[in-house]
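K.L.:
Protein sequence lines correspond, in order, to chains Z, W and C. Residues 1 to 598, numbered by our numbering, are exactly what the first sequence covers, in order. Residues 1 to 262, numbered by our numbering, are exactly what the second sequence covers, in order. Residues 1 to 378, numbered by our numbering, are exactly what the third sequence covers, in order. Where is the CB? At the ideal position from N, CA and C, for every residue including glycine. There's a structure below that I have some questions on.
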Amino acid sequence: MTTTAELVTKGAFDLDWRKVARLGGLTALGLVFIALAGMPVGLDSRILIEKYLSLGYVSLLWLSLIMGWLMGKETLLEGMTATRKSSRDAVGGACVGALGGLGLAILGLLINTFDLRDPLVNWSPQTLDILTFGGGVGVVVVWIPICAALGAVGGALHLAPPKVAKATIAAILTVLMTAIFATFIVDVVSPLDFLYSKNRELKLGWALVLAAVAVGFVFSGGGQQLARVKADYHNTTGPAKTRQTAALIVVSAAVLIIIPQVAGKITQELMANIGIFLLLALGLNIVVGMAGILDLGYVAFFAVGGYTTAVLTSPNRGEDWPGWFPTLPWWGALMVTVVVASLVGLFIGAPVIRMRGDYLAIVTLGFGEIIRILFLSDWLNGYFNGAQGITNVPPADFGVFEVKGTDPRSVFYLVLVFAALSIYVSWRLEHSRLGRAWMAVREDESVAEAMGINTVNVKLAAFVVGAILASFSGAIFAAKVGSIFPTSFLILVSIIILVIVIVGGMGSILGVIAGSVVLVGILGGPKQPGLLQEFSQYKLLIYGALLVWMMLQRPEGLVPNVRRTRELHQDEFLQDAWLKGQVDTGEEEPAVEGGEVR
Amino acid sequence: MNRLLDIQRLSVSFGGLHALRDLNFHVDEGEIVGVIGPNGAGKTTFFNMISGMVRPTAGEILFEGESLIGLDPNQVTQRGIARTFQNVRLFANMTILENVMVSQHCRTKQNAFGALLNTKGFKEEEAEIRRNAEEVLGFFGTRLVGYRLEQPASVLSYANRRRLEIARAMATRPKLILLDEPVAGMNPKESAELTGLISKLRDDWGFTVVMIEHDMNVVRDVSDRVVCLDYGETLAQGSFDEVSNNPAVIEAYLGRPLEKKA
Amino acid sequence: MTAAVRAKGASRTKVDWFLLFMRVALLSLIAIGLLAFFAQQLDPNNAFARWRHGGDAAHTLTGDQYKGLVVTGLSQGAMYGLIALGYSMVYGVLGFINFAHGEVFMVGGFTGFIMANKLDEAGYWEGGAFIPAVLFTILVCTLVSMATAVIMERVAYRPLRGSPRLIPLITSIGVSFFIQNAVILLFGPGAKGYPSNPDWLQQKRSLLGLVEIEGIKIVVIVVAALSMYALWYFVERTRTGKAMRAVSEDKEIASLMGINVNRTIVTTFAVGGAMAGIAGILWGLLFRSVIATTGFLPGIKAFTAAVVGGIGNLGGAMAGGVALGGAESLAPLMLLEPLGVEGASQLRDAVAFTLLILVLLIKPTGLFGERLSSEDRA
Ligand SMILES: Nc1ncnc2c1ncn2[C@@H]1O[C@H](COP(=O)(O)OP(=O)(O)OP(=O)(O)O)[C@@H](O)[C@H]1O
Ligand SMILES: [Mg+2]
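As structure tokens, this is what we get:
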């Protein structure tokens with residue numbers, strides 16, 4: 001969008017001081033919270049760059065940079081005055097950073113003086129130690145210049161030429177990523193071992209080299225080339241596009257099949273976990289993203305899938321099952337599981353389907369809890385073994401190849417097959433009669449009803465399809481873990497899957513894939529570790545924060561579904577469209593403004 | 001002539017408010033009936049009741065001799081009654097084409113398995129749905145077709161939104177189509193054009209039409225018969241001239257000191 | 001939403017039949033359970049009881065046990081009711097479920113824990129200083145919870161006003177998650193114990209010779225009743241309260257009438273937060289322990305209470321709370337145990353959720369009717 005905003009020049013110290021105070025205060029609060037939440041101490045043992053930088057310190061550094069950048073950010077709107085970018089931005093960022101640093105410094109002094117360790121567990125000498133870099137108390141003051149400098153860099157990103165700004169960001173990200181994902185990188189490509197020291201700490205020399213490579217990449221126009229390829233792909237249509245898409249799918253499939261062959265156990269395990277959650281997320285995406293039903297008890301179907309498989313395959317399934325009750329191989333159990341899951345889907349779906357959307361959310365959450373409580377209860381102990389769970393679930397045996405938890409690679413391949421199936425299902429349904437009906441129900445249920453759509457049936461269909469996809473996941477989970485406990489099915493799981501769907505982009509299949517890879521891959525599932533194993537304590541906090549942040553800033557998700565974007569940013573979209581002259585103004589005759597135009 | 005819709009002693013009240021009282025009404029096949037009445041007379045409520053969105057407290061609605069009472073709106077649409085909404089309610093984030101495709105839901109029957117296996121039946125039905133959609137949209141000239149097909153309904157102008165609403169109702173392949181103030185918010189030229197199209201709905205498409213309208217020119221030009229409601233009761237019925245000269249009707253319209261146009 | 005009530009001659013779909021079946025099944029289960037309960041009270045060794053208990057006689061409930069259950073249910077229900085008020089008010093005014101309201105309650109409980117322990121260390125948690133100390137603690141808890149609720153509104157919900165109604169609900173789930181885990185990280189994951197109450201609060205005392213109640217339960221019930229009265233007075237009698245009711249009826253018209261809608265909404269959150277804060281400290285005094293996840297279940301149950309009583313209806317919220325507390329405490333022993341369900345008391349939470357489903361199936365507007373603005377009734 002080109003803007004004709006008027007540019008004003010302002011002096012370096014002619015700042016919006018209220019904004020400085022607000023952002024500075026937020027930075028200070030944020031830093032104090034991070035320190036008291038124990039991140040610096042908890043993450044200090046994870047060294048990113050040998051001898052120089054630990055993840056603990058990174059947790060204290062990133063905020064000032066971002067807040068400094070925010071300080072210089074202005075929303076430009078048509079016809080409004082904007083400020084010319086100048087050293088003012090850097091100064092503003094520095095002030096914000098300095099306030100943040102001040103907050104940390106004061107915290108350090110307070111920790112030194114008072115003892116509040118009783119309620120606040122991290123009000124500890126260790127925290128002080130980190131804040132003072134192991135030196136005397138007075139050293140805490142250096143946080144003010146450190147944060148100010150970072151803030152200034154953040155602010156300065158606005159005035160640097162775009163290439164320089166991009167290069168800086170690329171360099172920082174490359175180094176951080178390489179350092180943080182050390183285990184993973186070495187696991188996949190073991191020759192890259194040389195980048196790191198024994199404890200998988202990035203060597204400083206190589207860190208600089210990587211930064212230089214990133215900068216070089218940006219300046220050689222590598223980024224633009226990538227963008228061009230992407231744009232080309234977007235602009236092709238017809239058979240050419242189909243061909244390109246097919247090629248893309250084949251290549252991705254090949255990569256996915258090859259990686260587990262060359263990579264080590266950690267990666268295989270990680271990919272298997274991502275797959276299991278991807279299956280769940282794809283199912284929830286149909287329910288929440290496509291049909292617009294907020295199901296918070298989605299974990300119930302995962303549990304039903306897991307328990308049905310376990311009961312049908314394990315010798316330890318509980319004593320009260322009648323003698324004729326069969327023991328099946330995994331794939332046989334899967335058939336039954338699908339049927340049971342659809343029935344449970346109907347059973348849970350039918351009573352809630354006519355409720356208001358928000359009531360439905362809470363009631364499904366209630367169902368999710370009821371199902372877990374029943375599996376846990378003494379009452380059904382004879383069937384499900386209560387808290388002891390069902391152990392000894394045998395591996396899934398396909399004759400030529402056996403899927404079991406000790407061999408994560410086999411689990412991954414199994415999951416891959418089902419993920420491919422689920423993606424195909426989601427994609428086909430989205431563009432079918434049923435998918436359109438889901439969309440209509442999401443947009444306006446009573447109009448959909450008046451247009452001849454049986455909304456009850458259509459919504460139940462969404463419930464059932466979602467339940468089946470989740471039960472796949474549960475069945476695989478049972479074979480992978482080899483045992484099933486009620487604690488694997490907390491409401492927490494529902495919420496994490498919801499975060500995956502929302503961060504990825506509601507209603508967007510690609511988004512959901514991206515969401516699972518990024519979130520489960522990096523942060524991990526409810527119990528499964530991700531690449532940032534050190535983060536396990538903090539991951540739920542981050543999930544919560546992400547959910548809020550996404551809803552406030554980017555409700556359409558990272559890889560949005562085009563349609564959904566419009567819905568959530570209706571006004572902006574209309575404004576954009578209007579500026580681009582896309583809005584139809586009634587062609588030959590001027591539109592008469594009706595009273596009800598919204 | 002065949003009696004298509006027959007309404008007997010229909011009443012509804014919201015709390016204490018009698019929105020409709022003992023209403024008798026009928027429509028014959030091939031008629032265009034205009035429903036007029038001051039604001040708040042209960043006209044929209046009347047449509048809501050026929051389409052199953054509001055349940056009457058008493059009375060009977062017969063469509064082709066069968067009762068509609070207690071049917072869900074989708075079942076009413078299934079039987080062949082389609083409607084538009086006074087306060088245009090399109091599926092704003094679906095494309096224009098999808099808006100019209102989705103409303104053929106009750107006339108098509110491919111289920112999820114057809115879509116998953118991409119069967120011949122599924123492909124044929126999709127093609128058929130699309131063909132119907134384009135045909136219906138073509139009814140309004142070039143306004144809603146071409147590059148427009150893939151645009152979201154939310155970018156349409158107000159008049160075009162109204163047209164799309166009618167197209168969406170037409171796509172359900174109804175016998176009876178209920179139009180709630182189809183020309184509200186349109187300029188005289190647009191409403192004259194739409195008036196022509198309403199006659200065509202009957203002549204070319206074979207729909208029977210009941211239309212609520214405040215614009216008396218439109219009502220006069222197309223209606224075979226006019227019904228005037230006030231306070232939920234029928235004030236007068238007959239040809240436009242009879243009704244418009246009826247003293248009770250004149251009083252209902254003029255006797256209200258402060259009247260706003262919807 | 002399609003109309004819930006159907007005229008006679010309505011065509012029933014399969015779903016309708018299934019729902020009818022569910023209603024009948026749930027209600028008859030309740031009826032049979034109750035009958036079995038009365039039968040076992042009369043004759044613990046009756047045939048049904050022996051059948052359901054594998055040949056043994058049933059355990060009858062003594063009068064004292066029964067009264068004890070009622071009182072426990074009542075005090076628990078009073079707290080649910082206090083929390084439910086916040087859900088109900090916010091739903092009435094903004095039309096969305098503030099999922100994080102349970103955390104506001106938890107924050108109250110945590111503040112109480114910190115205050116109580118600090119006061120205990122200083123020797124104020126006993127003897128004559130106890131009552132002022134408790135009152136002071138209640139005050140602080142109320143203020144902290146109030147502040148939490150108000151900040152929540154400002155940061156997370158205000159920017160979302162006017163967006164589709166599920167969006168703020170999802171946001172509030174995130175807020176809830178965030179607060180819970182922030183508290184775990186700041187204060188540690190373990191359970192936090194309150195100092196022990198003075199003896200006179202722990203002792204059972206006889207009330208009019210009818211029931212023996214622990215003093216603390218009386219306190220809980222009395223404080224809850226007083227808070228409820230104060231709230232009722234505030235909403236019905238003060239200008240701000242009237243503004244609140246006006247805003248919940250129609251925001252646009254209220255603002256045309258010169259009511260500051262923003263301020264009224266903040267007040268709603270503040271008042272709801274205050275009630276949750278009081279519930280939090282009462283919870284702490286009663287169970288003498290809080291944990292970061294304390295807010296989750298009571299929060300959802302309080303929402304259940306609000307729905308059971310009719311959302312938006314303040315008296316209903318309180319009554320719904322008591323009904324829920326009672327059902328939760330009585331149903332396992334009066335319905336499930338006589339039916340031969342083992343470990344029935346483990347199913348308390350399931351009872352609460354089943355009650356929610358039952359009420360929504362039978363009377364979706366709650367026992368005492370909803371009070372919602374016109375746009376939310378849809
Ligand atoms: N769902 C409802 N609940 C309560 N009252 C309602 C409801 N629907 C309509 N009414 C009332 O019934 C009366 C008739 O309304 P209706 O919308 O049918 O009028 P109308 O003739 O369509 O008016 P207009 O010309 O303004 O469209 C009005 O007083 C209205 O407020
Ligand atoms: Mg009307």
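Can you give the Cα-Cα distance for G238(Z) and L208(Z), rounded to whole angstroms?
P.N.:
Residue 238(Z) sits at position 238 when you count from the first residue of the first sequence. Residue 208(Z) sits at position 208 when you count from the first residue of the first sequence. For G238(Z) and L208(Z), the distance between alpha carbons rounds to 45 Å.
K.L.:
Return yes when the Cβ of L294(Z) is within less than 7 Å of the Cβ of A350(Z), no when it is not.
P.N.:
Residue numbering aside, residue 350(Z) sits at position 350 when the first sequence is read from its first letter. Residue numbering aside, residue 294(Z) sits at position 294 when the first sequence is read from its first letter. Cβ atoms of A350(Z) and L294(Z): not closer than 7 Å.
K.L.:
Do you know how far the Cα of R79(W) is from the Cα of G9(C)?
P.N.:
One-based indexing of the third sequence puts residue 9(C) at position 9. One-based indexing of the second sequence puts residue 79(W) at position 79. Unreliable placement is indicated for G9(C), whose pLDDT of 43 sits below 50; the coordinate value is still reported in the next sentence. One C-alpha to the other measures close to 17 Å.
K.L.:
Look up L176(Z) in the DSSP assignment and say whether it is helix, strand or coil.
P.N.:
To locate residue 176(Z), count along the first sequence from 1; it is residue 176. Reduced to three states, the DSSP call for L176(Z) is helix.
K.L.:
Just to check, is the beta-carbon of T84(W) closer than 6 Å to a non-hydrogen atom of ligand 2?
P.N.:
Translated into the one-based positions of the second sequence, residue 84(W) becomes position 84. For ligand 2, not one heavy atom lies less than 6 Å from the Cβ of T84(W).
K.L.:
How close, in whole Å, do the beta carbons of A149(C) and G273(C) come, if the pair is a contact with beta carbons under 8 Å?
P.N.:
Position 149 of the third sequence holds residue 149(C). Position 273 of the third sequence holds residue 273(C). So it is a contact: roughly 3 Å between Cβ atoms.
K.L.:
Can you tell me the Cα-Cα spacing of M101(W) and L429(Z), whole angstroms?
P.N.:
Residue numbering aside, residue 101(W) sits at position 101 when the second sequence is read from its first letter. Residue numbering aside, residue 429(Z) sits at position 429 when the first sequence is read from its first letter. If I take the Cα positions, the gap works out to 15 Å.
K.L.:
If you pair each beta-carbon of the region 64–75 of chain C with each one of the region 328–335 of chain C, do three or more pairs fall below 8 Å?
P.N.:
These segments touch.
K.L.:
Can you list the residues of chain W that G134(Z) reaches, using a CB-CB cut of under 8 Å?
P.N.:
Here the question's residue 134(Z) lines up with position 134 in the first sequence. Here the premise fails: no neighbours, minimum Cβ distance about 57 Å.
K.L.:
Under 7 Å, do V209(W) and R202(W) count as touching if we go by C-beta distance?
P.N.:
Within the second sequence, the letter at position 209 stands for residue 209(W). Within the second sequence, the letter at position 202 stands for residue 202(W). In contact: V209(W) and R202(W) (Cβ atoms closer than 7 Å).
K.L.:
Tell whether a beta-carbon distance below 7 Å holds between A279(C) and F105(C).
P.N.:
Along the third sequence, one-based indexing puts residue 279(C) at 279. Along the third sequence, one-based indexing puts residue 105(C) at 105. Cβ atoms of A279(C) and F105(C): closer than 7 Å.
K.L.:
Contact criterion: CB-CB distance below 7 Å. Does M115(C) meet it with respect to chain Z?
P.N.:
Counting from one through the third sequence, the residue named residue 115(C) turns up at place 115. M115(C) does not count as touching chain Z.
K.L.:
For the region 519–556 of chain Z, which segments carrying the alpha helix (DSSP H) assignment without a break, of at least 4 residues, lie completely within its bounds, in sequence order?
P.N.:
Listed in chain order, the complete alpha helix (DSSP H) runs (minimum 4 residues) inside the region 519–556 of chain Z are 539–553.
K.L.:
In chain Z, which residues lie less than 9 Å from L116(W) when you measure between Cβ atoms?
P.N.:
The count along the second sequence starts at 1 and reaches residue 116(W) at position 116. By Cβ distance, chain Z contributes Y424, V425, R428, L429, S432.
K.L.:
Taking all protein chains shown into account, decide if N561(Z) is buried (16 or more other Cβ within 10 angstroms of its Cβ) or exposed.
P.N.:
For the purposes of this step, residue 561(Z) is taken as the residue at position 561 of the first sequence. Flag for N561(Z) reads buried.
K.L.:
Pull up the distance between the alpha-carbon of A577(Z) and that of F140(W), whole angstroms please.
P.N.:
Here the question's residue 577(Z) lines up with position 577 in the first sequence. Here the question's residue 140(W) lines up with position 140 in the second sequence. Here A577(Z) scores only 48 on pLDDT, less than 50, and its place in the model is too uncertain to base an answer on.
K.L.:
Is any beta-carbon of chain Z found at less than 7 Å from that of S264(W)?
P.N.:
Chain W is shown from 1 up to 262; residue 264(W) falls before or after that span and cannot be answered.
K.L.:
Distance check for K204(C) and R12(C), CA to CA, integer angstroms please.
P.N.:
Along the third sequence, read from residue 1 onward, the residue named residue 12(C) stands at position 12. Along the third sequence, read from residue 1 onward, the residue named residue 204(C) stands at position 204. Rounded to whole angstroms, R12(C) to K204(C) spans 55 Å at the Cα level.
K.L.:
Within 10 Å of its beta-carbon, does K301(C) have 16 or more other beta-carbons around it, so buried, or fewer, so exposed?
P.N.:
By one-based count along the third sequence, residue 301(C) stands at place 301. Answer is buried; the Cβ neighbour count reaches 16.
K.L.:
In the region 366–396 of chain Z, which residues sit with their C-beta less than 8 Å from some C-beta in chain C, listed in chain order?
P.N.:
Going along the region 366–396 of chain Z in chain order, one finds G366, F367, E369, I370, I373, L374, L376, S377, D378, W379, N381 with a Cβ nearer than 8 Å to chain C.
K.L.:
Looking only at DSSP bridge pairs, what is C228(W) linked to?
P.N.:
Reading the second sequence from its first residue, position 228 is the one you call residue 228(W). C228(W) pairs with I36(W), A236(W).
K.L.:
State the start and end residues of the unbroken beta strand (DSSP E) segment that holds M211(W).
P.N.:
Position 211 of the second sequence, counted from the start, is the residue given in the question as residue 211(W). Run containing M211(W): 208–212, per the beta strand (DSSP E) assignment.
K.L.:
Please confirm whether E259(W) has its beta-carbon closer than 7 Å to some beta-carbon of chain Z.
P.N.:
Along the second sequence, read from residue 1 onward, the residue named residue 259(W) stands at position 259. Unreliable positioning characterises E259(W) in this predicted model, as indicated by a pLDDT of 44, which lies under 50. The coordinate reading is nonetheless provided below. False, the Cβ-Cβ gap to chain Z never drops below 7 Å.
K.L.:
Using only the alpha-carbon positions, how far apart do R409(Z) and F181(Z) sit?
P.N.:
The residue you call residue 409(Z) lines up with position 409 of the first sequence. The residue you call residue 181(Z) lines up with position 181 of the first sequence. Whole-angstrom Cα-Cα distance: 20 Å.
K.L.:
Listed in chain order, which residues of the region 240–258 of chain Z have Cβ atoms closer than 7 Å to some Cβ of chain W?
P.N.:
So the list is empty, because no residue satisfies the distance condition.
K.L.:
At a cut-off of 6 Å, would you count T195(W) as near ligand 2, judging by its Cβ distance to the nearest heavy atom?
P.N.:
Against the second sequence, residue 195(W) aligns to sequence position 195. No; taking the cut-off as 6 Å, the Cβ of T195(W) has no heavy atom of ligand 2 nearer than that.
K.L.:
List the residues of chain W that I286(Z) touches, going by C-beta distances under 7 Å, in chain order.
P.N.:
Translated into the one-based positions of the first sequence, residue 286(Z) becomes position 286. Near I286(Z) there are no residues of chain W at all, since even the closest Cβ is about 11 Å away, more than 7 Å.
K.L.:
Return yes when the C-beta of F14(W) is under 6 Å from any heavy atom of ligand 4, and no when it is not.
P.N.:
No copy of ligand 4 appears in this structure; the ligands present are ligand 1 and ligand 2.
K.L.:
Suppose you measure from the CA of K241(Z) to the CA of P152(W); what does that come to, to the nearest Å?
P.N.:
In the first sequence, the residue the question calls residue 241(Z) occupies position 241. In the second sequence, the residue the question calls residue 152(W) occupies position 152. Approximately 23 Å, taken between the alpha carbons.
K.L.:
If you compare alpha carbons, which of F347(Z), W331(Z), N235(Z) is closest to G399(Z)?
P.N.:
Here residue 399(Z) refers to the residue found at position 399 of the first sequence. Here the closest residue by C-alpha is W331(Z).
K.L.:
Since G77(C) and A323(C) are thought to touch, with beta carbons under 8 Å apart, how far apart are those beta carbons, to the nearest angstrom?
P.N.:
In the third sequence, the residue the question calls residue 77(C) occupies position 77. In the third sequence, the residue the question calls residue 323(C) occupies position 323. Yes, they are in contact, since the Cβ atoms of G77(C) and A323(C) sit about 7 Å apart, within 8 Å.
K.L.:
Hey, would you say the C-beta of N74(W) is under 6 Å away from at least one heavy atom of ligand 1?
P.N.:
The residue labelled residue 74(W) in the question sits at position 74 within the second sequence. Flag unset: Cβ of N74(W) not near ligand 1.
K.L.:
Just the C-alpha distance for V381(Z) and G306(Z), rounded to the nearest angstrom, thanks.
P.N.:
As a working mapping, residue 381(Z) is identified with position 381 in the first sequence. As a working mapping, residue 306(Z) is identified with position 306 in the first sequence. First, the amino acid is wrong: residue 381(Z) is Asn here, not Val. N381(Z) and G306(Z): Cα-Cα distance of roughly 16 Å.
K.L.:
Leaving out the 5 sequence neighbours to the left and right, which residues in its chain are closer than 7 Å to A262(W) when beta-carbon positions are compared?
P.N.:
Residue 262(W) sits at position 262 when you count from the first residue of the second sequence. Unreliable positioning characterises A262(W) in this predicted model, as indicated by a pLDDT of 40, which lies under 50. A coordinate reading is not provided.
K.L.:
Let me know the secondary structure DSSP gives R220(W) once reduced to three states.
P.N.:
Residue mapping note: residue 220(W) aligns to position 220 of the second sequence, counting from 1. In the structure shown, R220(W) sits in a helix (DSSP, three-state: H, G or I).
K.L.:
Could you name the residues of chain Z that V12(W) contacts, counting a contact when the two beta carbons are closer than 9 Å?
P.N.:
To locate residue 12(W), count along the second sequence from 1; it is residue 12. Residues of chain Z passing the Cβ test: none, with the nearest at roughly 17 Å.
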